[in-house]
Structure formats: structure tokens, C-alpha cells
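Colleague: Top line first, the protein sequences correspond to chains A and B.
The opening position of the first sequence corresponds to residue 1 in our numbering, with each subsequent residue numbered one higher.
The opening position of the second sequence corresponds to residue 1 in our numbering, with each subsequent residue numbered one higher.
Cβ coordinates follow ideal geometry from the N, Cα and C atoms, glycine included.
Quick one: the structure is below, questions incoming.
2 protein chains.
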Amino acid sequence: MLYIIGLGLGDERDITLKGLDAVKKCEKVYIEVYTSLLSFGLSTDGLSTLEKLYGKPIILADREMVEEKVDNILLEARGSDVAFLVVGDPFGATTHTDLVVRAKTMMVDVKVVHNASVMNAIGICGLQLYRYGETVSIPFFTETWRPDSFYEKIERNRNLGLHTLCLLDIRVKEPTLESLCRGRKQYEPPRFMTINTAIDQLLEVEQKHGKSAYDEDTNCVGFARLGSEDQMIVAGTMRQLCTVNFGEPLHCLVIVGKTHPVEDEMLEFYKIRTENPEQKGNGIA
Amino acid sequence: MLYIIGLGLGDERDITLKGLDAVKKCEKVYIEVYTSLLSFGLSTDGLSTLEKLYGKPIILADREMVEEKVDNILLEARGSDVAFLVVGDPFGATTHTDLVVRAKTMMVDVKVVHNASVMNAIGICGLQLYRYGETVSIPFFTETWRPDSFYEKIERNRNLGLHTLCLLDIRVKEPTLESLCRGRKQYEPPRFMTINTAIDQLLEVEQKHGKSAYDEDTNCVGFARLGSEDQMIVAGTMRQLCTVNFGEPLHCLVIVGKTHPVEDEMLEFYKIRTENPEQKGNGIA
Numbered sequence: 001m002l003y004i005i006g007l008g009l010g011d012e013r014d015i016t017l018k019g020l021d022a023v024k025k026c027e028k029v030y031i032e033v034y035t036s037l038l039s040f041g042l043s044t045d046g047l048s049t050l051e052k053l054y055g056k057p058i059i060l061a062d063r064e065m066v067e068e069k070v071d072n073i074l075l076e077a078r079g080s081d082v083a084f085l086v087v088g089d090p091f092g093a094t095t096h097t098d099l100v101v102r103a104k105t106m107m108v109d110v111k112v113v114h115n116a117s118v119m120n121a122i123g124i125c126g127l128q129l130y131r132y133g134e135t136v137s138i139p140f141f142t143e144t145w146r147p148d149s150f151y152e153k154i155e156r157n158r159n160l161g162l163h164t165l166c167l168l169d170i171r172v173k174e175p176t177l178e179s180l181c182r183g184r185k186q187y188e189p190p191r192f193m194t195i196n197t198a199i200d201q202l203l204e205v206e207q208k209h210g211k212s213a214y215d216e217d218t219n220c221v222g223f224a225r226l227g228s229e230d231q232m233i234v235a236g237t238m239r240q241l242c243t244v245n246f247g248e249p250l251h252c253l254v255i256v257g258k259t260h261p262v263e264d265e266m267l268e269f270y271k272i273r274t275e276n277p278e279q280k281g282n283g284i285a
Numbered sequence: 001m002l003y004i005i006g007l008g009l010g011d012e013r014d015i016t017l018k019g020l021d022a023v024k025k026c027e028k029v030y031i032e033v034y035t036s037l038l039s040f041g042l043s044t045d046g047l048s049t050l051e052k053l054y055g056k057p058i059i060l061a062d063r064e065m066v067e068e069k070v071d072n073i074l075l076e077a078r079g080s081d082v083a084f085l086v087v088g089d090p091f092g093a094t095t096h097t098d099l100v101v102r103a104k105t106m107m108v109d110v111k112v113v114h115n116a117s118v119m120n121a122i123g124i125c126g127l128q129l130y131r132y133g134e135t136v137s138i139p140f141f142t143e144t145w146r147p148d149s150f151y152e153k154i155e156r157n158r159n160l161g162l163h164t165l166c167l168l169d170i171r172v173k174e175p176t177l178e179s180l181c182r183g184r185k186q187y188e189p190p191r192f193m194t195i196n197t198a199i200d201q202l203l204e205v206e207q208k209h210g211k212s213a214y215d216e217d218t219n220c221v222g223f224a225r226l227g228s229e230d231q232m233i234v235a236g237t238m239r240q241l242c243t244v245n246f247g248e249p250l251h252c253l254v255i256v257g258k259t260h261p262v263e264d265e266m267l268e269f270y271k272i273r274t275e276n277p278e279q280k281g282n283g284i285a
């Protein structure tokens, strides 16, 4: 049996009892480390907080391992119980759908243990989840590569009065251009897009298209480390949020559509306090 | 401190360790029982499975209690730790946003413990969460009340190739018409819309509007008891799904938009087997 287990968004204690039951009976435990960032860091003795909680070693599964050695993992799961841990909910990323498809093709049974993902945890800002349009991804721009297909989607959502969740780019274990040329594997340091960079790129694209999908005065909500003890949620215009230091990753951004009075009341608690843009607590954690 | 704690979708072991930590230190524990159905039933000795797990009594908070006595609960939370349990994630329903707003107004600190909700757990069918348009709600039609504002939204999503999550009506503790007239409180038995009823209503509305937003041959996915041990997920056309007995509530329905090959591969595992519409297992639980 292959158990695909969502870890939720915060720390090691965000796993469900059902997830922990499953991990404890598995012979091998893998953790996926390429679509999301871990708050489950290594401690000084080299054991991660997860390993301490589970009482067994965890094998880090990076993109290379999952893409090239997934059949080995699935063969193991045919004869014994194997856990595959995923930050958030198992189906946030396409790769995990792919894993299930391959498992089924190899006649391996799969059991899924759900958990919170960014797609539903953003509900904490008070904007209703059923008032969101299509989700967009904002990729890192380079000198020569500045794709902006998200613009049309945001424009559409805005015209319909819907909110837009913007997922911000994560680059983990990207091979360097140099290493690709030489055929030897060397990796760029990991990069995580900040809310500030996302807004810069969004405004650049608005200027290029000029269809007034949004502007510097458009209301947004910035989320950093959503679901963690030190999460930071700030509501304000794009211009205001650009002045905020959201700190460590992961960040995501919601572009606010038309709001209901209850949504407004709730957003009010997260409103940027212009006298202190380094705001932290707002009593909702 | 008011802890608003998501219980997830399945049974009592879907709570997170963090959620359980919080419940254990709370002096009072309420559970919200009007926006969602519990799989956390009473056992023969009258104690719910949750009470057994927590080792303390749980107070059922129905709509009346939360709407009329919420200030009492919040006053308690000012002087001590109070848990408010919610099936799914705390922010699936507007009411809980309202609760946070009232808490903040009364200077009560709020801590949220996230969990899986139907909004992200539907990812298990293989349709990518970022390819969904606006979510719609399908209300029970009556002789005289047949609202169909969902039609326009589905049409829009379909034209954009997006999937649509349809949340199906739940009627819990609705006062009878008779009791409203007499001013005495009597309640209708609880009702939960089935996938079959939803499809009937959808097709009726399509016939009325005639804009071909969808038809009997449109691909859908039906979910019953999503996240539970006996969940049932079946993919097929509206006509096919109408022949399936999905059993106990809760049900929800996804109208499939344009699909990516990986999405198709995954849906294939859930496809209705026409020779046996009472299908159960498909090896993904």
C-alpha cells in the first residue's frame, strides 16, 4: 500500500492522527521536497522534527528521485506499506496525480490522507472561497523570458468581481545553465518569489497590456508562511504591500475582487497600519 | 483564547495533532453542527467518538445557539481557553468568518487550526485545483422557488474550459412553515441533496435556458462522503451518474471542463463501470 499523506502547512504537529497512524506502520517513509518548502527543518542533531515525532528515518525525495526512481518506490509499496509525505494536501501539485496514475498502472493500492492546503487555508483572510475565480501562477521573469498568461485570467476574474489567488514561483534544484551545457549536474540556489517581486511583475505586465485589470490602488492580501506560528497576513493596496517586509518564504498573494460586507469587516483586521508597515500580530493566528 | 479548529472530513482521527493539543487544554469544547454533517456519530454509550478521544464533554452548537448565544461563548473565551470545532476547515462557511469578526470586536484572541475541506480534497479525483472556476451552490427546488443563478456561472466556467465544483444543499434544523406561523419552534427533518437530485435540477435549468452550458453527455465526477473510509467517487456523464446510488450524505458534484491528459488518465480510474453502477472500490481511498 502506498500512503500519500498531507502534512498541512505549519510544522510537524499539523499532521492528522490518521496520517500519523499510517506513518507509524509504514516500513519506509519518503518526503517530497521539490514542490513545496518545509518548515520541518533539521535540528542540531541532524534529525528532522518529523523524524523525532515518527521515531524513524525519512528519505528526502527530490525531483530527480521521484522522476527517475519512482518505480522503485512503487515496487516497494507493492510488498509493504510505504508513506509518501507531501506538504499541504496531496493534490496541490500535478506531480502527485501522476504518482497515483503510475501506482494504479502498477497495481499498487493507494490511500490518501488529506490535510489543509494553501487553496483552502487562504480562507482565513475572510474572503469567501467560493468567490474565487481561476488560480494563477506568477513565474520569475528573466531578461528574456517574461510570460504573462496570468494577466488575462486576472482580468477575467476582476471583471466578474471574483478574487484571484496568485501562487508565486518556487525554484528548487533548478540545474544551472552552465551545468546543462556541460552535462554535469549543478544546481542554482533555491529561490522563492516574494510578494514584493510578484507585485512588481504584475504592475509591469499591466503597464504593457494597459487594459486596467488592476493598478497600484487595487486591494490585495499578502500571506507569508500561511498556517505557521509566525504567519503574516496583511491587506492593503498593491502600492502599500510593496513597502512591507514579509520575511521568510513561502509567500502568496490574493487580488481582491468585489467584496461582501462580512468580507470587508474581516479584511479590516488585516489592514496595513501605515505608521508601522512591519506589523506582525493582529490577534488572528 | 478562542480556538477555531478544523476537524477535516472523515472521522475523529482526522483532527491534527495541533488541533488535539488545543482541544485538550480547553476548558470548554463546542462543535458546530449546522453547516456540515458529522461522521462523528454517537456511540452506544451516548458518548461521541470525539468525546472518547478528547476525554471531555462536547457541547453541540446548532444554528440557534451560535446565532443567539455567541456572545456568551465569546465571553467565556475571554477568561479561558474555549475550542470551537468545525467539520472541514474553519473557513468553508461564512458563519465562521462572522464568529471571528465578533470575537475580534470583543477583544478575544483567536487561533485557527486548519484542516482539509471539500474545496481542496476534491483534488483526489485528478482534476487540478487551479483549473476550477467559481464554485456554485445548488439549492433544493420547491414548487414555487427554483432559483438558478448557478446556471450563468457554470456556463461561464464551461466556456473557459474550467471545472465547476457544485456544493449541494443541506437543510438542518429548518423551522417548519407551520411552526413559523404559530411562533413555536418545530423543525423539518434534516435533508441532504443527492447527486441525482442535483443533476435532475441542473438538467431542468438547462432545458429552461437552452444555452447548452452542459447536457446529459457532459462529464462529471460525483463524490459521496469525501474523505471518509467509505467515500465513493465516480466519473461519468450526467446521464450515467443519475443511475448510481451514492448512498449516505454528504454528496458533491464536479462538472468537468477541458481536461489535460494527466487529468484524463486519473479520471479513467474513477470511470463508471456500466456493467456495475453500484461500484465501490477503485483502489484509491
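I'd like the ranges of any alpha helix (DSSP H) spanning at least 4 consecutive residues and lying wholly in the segment 78 to 141 of chain B.
Modeller: You should have 94 to 105 and 118 to 121.
Colleague: Answer yes or no: do phenylalanine 223 of chain A and cysteine 125 of chain A have a C-beta to C-beta separation smaller than 9 angstroms?
Modeller: For phenylalanine 223 of chain A and cysteine 125 of chain A, yes; Cβs fall inside 9 angstroms.
Colleague: For the segment 115 to 138 of chain A, enumerate the residues whose C-beta is nearer than 8 angstroms to any C-beta of chain B, in chain order.
Modeller: Listed by position, the residues of the segment 115 to 138 of chain A near chain B (Cβ gap below 8 angstroms) are Asn115, Ala116, Ser117, Met119, Asn120, Ala121, Gly123, Ile124, Gly126, Gln128, Leu129, Tyr130, Arg131, Tyr132, Gly133, Glu134, Thr135, Val136 and Ser137.
Colleague: Does the pairing of the segment 166 to 183 of chain B with the segment 243 to 254 of chain B give three or more beta-carbon distances under 8 angstroms?
Modeller: These segments touch.
Colleague: Tell me whether glycine 210 of chain B sits in a helix, a strand or coil according to DSSP, three-state version.
Modeller: Looking at glycine 210 of chain B - three-state DSSP - the assignment turns out to be coil, as it is neither helix nor strand.
Colleague: What does a CB cutoff of less than 8 angstroms around leucine 226 of chain A pick up in its chain, not counting 5 residues either side in sequence?
Modeller: So the qualifying residues of the chain are Leu9, Val118, Ala121, Ile122, Ile124, Ile233, Leu250 and Cys252.
Colleague: For the segment 163 to 175 of chain B, enumerate the residues whose C-beta is nearer than 7 angstroms to any C-beta of chain A, in chain order.
Modeller: Against chain A - using a Cβ distance shorter than 7 angstroms - the segment 163 to 175 of chain B contributes no residues.
Colleague: When you check each C-beta in the segment 223 to 247 of chain A against every C-beta of chain B, which residues fall closer than 8 angstroms?
Modeller: From the segment 223 to 247 of chain A, only Gly227 have a Cβ closer than 8 angstroms to chain B.
Colleague: Can you grab the Cα-Cα spacing for the pair alanine 116 of chain B / arginine 182 of chain A, in whole Å?
Modeller: So the two alpha carbons sit approximately 44 angstroms from each other.
Colleague: At which residue ranges does the segment 160 to 247 of chain A contain complete beta strand (DSSP E) runs of 3 or more residues, listed in the order of the chain?
Modeller: The segment 160 to 247 of chain A contains these whole beta strand (DSSP E) runs: 164 to 168, 219 to 224 and 232 to 237.
Colleague: What residues from chain A crowd round isoleucine 15 of chain B, counting only those whose CB sits closer than 7 angstroms?
Modeller: What isoleucine 15 of chain B touches in chain A: Thr16 and Leu17.
Colleague: Who are the neighbours of aspartate 98 of chain A on chain B, taking C-beta pairs under 8 angstroms?
Modeller: Neighbours of aspartate 98 of chain A on chain B, chain order: Val262.
Colleague: Quick check: the Cα distance between lysine 258 of chain A and leucine 129 of chain A, rounded to an integer number of angstroms?
Modeller: C-alpha separation (whole angstroms): 13 angstroms.
Colleague: What is the DSSP secondary structure of threonine 16 of chain B, counted as helix, strand or coil?
Modeller: Strand, per DSSP.
Colleague: Which two residues bound the contiguous alpha helix (DSSP H) that contains valine 262 of chain B?
Modeller: Counting along the chain, the alpha helix (DSSP H) containing valine 262 of chain B begins and ends at 261 to 270.
Colleague: Using 9 angstroms as the limit for Cβ to Cβ distance, is aspartate 200 of chain B near chain A?
Modeller: Not closer than 9 angstroms to any Cβ of chain A, the Cβ of aspartate 200 of chain B fails to qualify, so no.
Colleague: Can you list, in chain order, the residues of its chain with a C-beta nearer than 8 angstroms to that of methionine 107 of chain B? Leave out the 5 residues immediately preceding and following it.
Modeller: Cβ within range, chain order: Arg78.
Colleague: Roughly how many angstroms lie between the CA atoms of tyrosine 132 of chain B and glutamate 229 of chain B, to the nearest whole one?
Modeller: Cα to Cα, the separation comes out at about 26 angstroms.
Colleague: Here's the rule: buried if 16 or more other CB atoms are within 10 angstroms of the residue's CB, otherwise exposed. What is serine 311 of chain B?
Modeller: The structure shown has nothing for residue 311 of chain B, since chain B only spans 1 to 285.
Colleague: Could you give the residue range of the alpha helix (DSSP H) that holds lysine 28 of chain A?
Modeller: That residue, lysine 28 of chain A, is in no alpha helix (DSSP H); its beta strand (DSSP E) goes 28 to 32.
Colleague: Within 10 angstroms of the Cβ of lysine 52 of chain B, are there 16 or more other Cβ atoms? Answer buried if so, exposed if not.
Modeller: Exposed, since its Cβ has fewer than 16 Cβ neighbours within 10 Å.
Colleague: At the level of alpha carbons, what is the spacing between leucine 17 of chain A and cysteine 26 of chain A?
Modeller: Computed Cα separation, rounded: 14 angstroms.
Colleague: Over what stretch of residues does the alpha helix (DSSP H) that includes leucine 50 of chain B continue unbroken?
Modeller: 49 to 54 is the span of the alpha helix (DSSP H), which, as asked, contains leucine 50 of chain B.
Colleague: Since leucine 177 of chain B and valine 87 of chain B should fall inside the 8 angstroms C-beta cutoff, what is the C-beta to C-beta distance between them, to a whole number of angstroms?
Modeller: Not confirmed; about 28 angstroms, so no contact.
Colleague: Once DSSP output is grouped into helix, strand and coil, what is the label at alanine 22 of chain B?
Modeller: Looking at alanine 22 of chain B - three-state DSSP - the assignment turns out to be helix.
Colleague: Can you find a CB in chain A that lies within less than 9 angstroms of the CB of proline 189 of chain B?
Modeller: No, no contact with chain A.
Colleague: Which one of B/Gly247, B/Leu241, B/Phe84 and B/Gln186 has the shortest CA to CA distance from tyrosine 270 of chain B?
Modeller: For tyrosine 270 of chain B, the nearest C-alpha among the options comes from B/Leu241.
Colleague: I'd like the list of long-range same chain contacts for valine 256 of chain B, defined as Cβ closer than 7 angstroms, with 5 residues on each side in sequence excluded.
Modeller: Counting only Cβ-Cβ distances below 7 angstroms, and skipping sequence neighbours, we find Leu127, His163, Asn219, Cys220 and Val221.
Colleague: For the segment 136 to 154 of chain B against the segment 133 to 141 of chain A, do three or more pairs of beta-carbon atoms, one drawn from each stretch, fall closer than 8 angstroms, so that the two count as touching?
Modeller: Short answer: they don't touch.
Colleague: Mind checking histidine 96 of chain B: buried by the 16 CB within 10 Å criterion, or exposed?
Modeller: The residue in question, histidine 96 of chain B, is buried, as its Cβ has 16 or more Cβ neighbours within 10 Å.
Colleague: If we count the other Cβ atoms within 10 Å of its Cβ and call it buried at 16 or more, is histidine 114 of chain A buried or exposed?
Modeller: It counts as buried.
Colleague: Output the boundary residues of the beta strand (DSSP E) element that contains valine 254 of chain A.
Modeller: 251 to 255 is the span of the beta strand (DSSP E), which, as asked, contains valine 254 of chain A.
Colleague: Counting only Cβ pairs nearer than 8 angstroms, list the residues of chain B close to threonine 49 of chain A.
Modeller: Result: empty, since nearest Cβ-Cβ is about 12 angstroms, beyond 8 angstroms.
Colleague: When the cut-off is 9 angstroms and only beta carbons count, does arginine 156 of chain B lie next to chain A?
Modeller: Cβ-Cβ to chain A under 9 angstroms: yes for arginine 156 of chain B.
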